[in-house]
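Offset between the sequence shown (1-based) and this note's numbering: plus 268.
Just so you know, even glycine gets a beta-carbon here, dropped at the ideal spot from N, CA and C.
In this text the structure is predicted, and so the values were computed from the model without any measurement.
Working notes, structure below.
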Amino acid sequence: MKTIIEPFRIKSVEPIRFTTKEERIKIIKDAGYNTFLIHADDVLIDLLTDSGTSAMSASQWAGVMEGDESYAGSRSFYKFESAVKKITGHEFIIPTHQGRAAEKILFTILGGAGKYIPNNTHFDTTRANVEFTGAEAVDLLNEIGKKPEVKADFKGNMDVEKLEEFIKKVGKENIPLVMITITNNSGGGQPVSMQNIKDVRAVCDKYNLPLFLDACRFAENAYFIKKREKGYEGKSILEICQEMFSYSDGSTMSAKKDGLVNIGGFLSLNNDELAMQCRNLLIVTEGFPTYGGLAGRDLEAVAIGLEEVVDENYLHYRIRSTEYLGEKIVAAGVPIIEPPGGHAIYIDAKRFLPDIPPYEFPGQAITCELYIEGGIRAVEIGSVMFGKYDKEGSIVSPPMELVRLAIPRRVYTQSHIDFVAEVVIEVFNNRDKLRGYKIIYEAPMLRHFTAKFEPMK
Ligand SMILES: Cc1ncc(COP(=O)(O)O)c(C=O)c1O
């Protein structure tokens with residue numbers, strides 16, 4: 269059958285609130301034209317992020333009731349530990365409250381001034397945690413991954429030649445570890461091939477460097493490998509995940525993505541000395557090593573989520589829903605990063621609104637209009653999020669101006685996605701009416717969260 273159905277029935281529903289266009293015009297104005305400042309109750313379809321927004325299954329909710337809240341040695345920890353070990357094969361499993369807590373611990377120990385961490389593309393929190401220690405976060409994405417209009421299977425791959433050149437340039441003693449982000453969130457949710465992970469491993473072996481995975485979307489990455497990489501069509505998702513992790517010495521994980529939970533994460537490693545140092549820091553910052561900033565019930569939910577996420581029917585529905593949205597809007601001429609990644613569609617705002625220059629924030633204009641037109645909340649990833657000022661006070665823009673439509677897991681049905689496509693297409697067909705924006709307030713750091721805007725006259 270051609271129709272791909274949601275691989276679940278709905279047992280519990282959460283109403284969403286409808287608003288009129290007139291109401292939304294006022295709401296977005298009152299929010300300073302910043303979608304982060306809108307009350308979630310005023311949003312019809314929330315595509316701000318896929319992180320922590322998953323719907324949990326009936327068994328996960330049952331697991332919540334089963335949670336063992338013992339301070340030390342909780343039964344739920346051992347269940348969690350064994351679920352993580354089954355996928356990663358790593359020996360030491362350290363629970364954290366979310367991904368960035370795992371990063372903070374790892375880089376506090378291994379980072380520091382004069383050190384470099386290569387990655388395909390660092391996610392913002394990873395970069396921030398590396399740089400907070402004084403180390404430098406270096407992105408070594410392959411060239412094709414930087415071209416939104418080029419279709420390729422594994423646009424998240426690291427440039428292996430550049431990695432080796434980089435190691436020779438700065439010296440292996442200054443590189444405490446190499447990292448690969450699967451899938452590459454900041455590069456459009458694009459996957460990394462097994463061959464690329466193996467090639468990076470070979471370079472790490474040559475220079476005796478540990479390899480870590482930023483594994484937030486490991487199952488989505490495994491599904492792409494199964495569908496796109498020769499030799500993996502007959503393997504199960506679990507086998508592919510196990511092989512991916514087998515080339516690594518550790519991982520940081522935000523379970524808010526492929527753990528199918530609303531909170532949780534972990535750090536997994538094989539080095540016992542490093543694990544001991546991480547646990548000691550965990551006790552200071554997160555909690556005792558058998559709960560690490562989570563309740564027993566959260567550990568249960570992650571353990572069950574990790575089993576559910578490697579189900580191929582689930583992944584088929586998941587990746588297909590994203591692709592389906594991408595195909596529908598591309599057919600109407602909407603420019604996006606192609607092919608669609610795993611967790612989100614990224615609209616290319618530069619091609620969508622070629623007449624609005626980056627310093628008038630074309631991505632913000634689209635984001636506001638999606639809300640006004642259909643109550644859809646998206647996020648700008650361009651000059652608002654990453655723009656910096658030069659000495660003359662002019663904005664220096666990042667290479668791409670994007671609008672991300674991130675799809676929460678198991679939350680929206682096909683008709684929700686059809687509605688989203690209709691709204692995007694309507695905004696695209698009326699793009700001539702859109703105007704740029706100017707910033708009237710901004711915080712000194714991470715301005716996109718709280719900035720206020722005004723439409724240009
Ligand atoms: C690739 C990647 N790494 C790390 C993180 C950080 O995870 P958390 O939000 O749980 O701290 C995220 C979150 O979006 C991510 O996408």
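Sequence-distant residues of its chain with Cβ nearer than 6 Å to residue i (five each side left out)
i: D467; result: V428
i: I572; result: S327, Q328, G331
i: P478; result: L445, D517
i: C472; result: V446, L479
Proximal residues to residue i (C-beta, below 8 Å), its chain only, five neighbours per side dropped
i: Y500; result: M462, I493, K494, I508
i: Y709; result: G300, T718, A719, K720
i: Y585; result: I272, I273, E274, P275
i: I663; result: P626, Y627, S651, G655, K656, Y657
i: D780; result: The shown model of the chain, from 269 to 725, leaves out residue 780, and the question about it has no answer.
Range covered by the alpha helix (DSSP H) that runs through residue i
i: F696; result: 682-697
i: I572; result: 564-576
i: M333; result: 326-334
i: S344; result: 343-356
i: F486; result: 486-496
i: L542; result: 540-553
Where the beta strand (DSSP E) containing residue i begins and where it ends
i: L312; result: L312 -> no beta strand (DSSP E), and no H or E assigned at all.
i: K720; result: 720-723
i: A405; result: 404-407
i: V468; result: Here V468 belongs to no beta strand (DSSP E); instead the alpha helix (DSSP H) covers 462-475.
i: S514; result: Counting along the chain, S514 falls outside any beta strand (DSSP E), though it belongs to the alpha helix (DSSP H) covering 505-514.
i: F276; result: No beta strand (DSSP E) contains F276, which DSSP labels as neither H nor E.
i: K706; result: 705-709
i: I295; result: It is not in any beta strand (DSSP E) - I295 instead sits in the alpha helix (DSSP H) that spans 289-298.
i: S522; result: 518-522
i: I448; result: 446-449
i: S338; result: No beta strand (DSSP E) contains S338, which DSSP labels as neither H nor E.
i: S536; result: 533-537
i: F480; result: 479-482
Same chain only: Cβ atoms within 7 Å of residue i, ignoring 5 sequence neighbours per side
i: E591; result: P608
i: F391; result: T449, N453, S454, D482
i: E371; result: T393, T394, N397, T520
i: I465; result: I448, M512, Y515
i: V578; result: A487, I505, L506, C509
i: K354; result: none
i: E641; result: V691, E694, V695
i: I311; result: It should be noted that the sequence gives Val, not Ile, for residue 311. The residues are G643, R645.
Closer than 8 Å: residue i CB and nearest ligand 3 heavy atom
i: A299; result: Questions concerning ligand 3 fall outside what the structure shown contains, since the ligands it does hold are ligand 1.
Just the residues with CB closer than 6 Å to a heavy atom of ligand 1, in chain order, which are they? S319, Q366, G367, R368, F391, T393, T394, T449, N453, D482, C484, S522, K524, G533
ask   = What runs of the alpha helix (DSSP H), each 4 residues or longer, lie entirely inside the region 629-681?
value = 630-642, 651-654
Requested in this report: Pick out the complete alpha helix (DSSP H) segments inside the region 597-624, 4 residues or longer, and give them in chain order.
Outcome: 617-620
| said: At 3 residues or longer, what runs of the beta strand (DSSP E) sit wholly inside the region 358-434? | reply: 360-364, 384-387, 404-407
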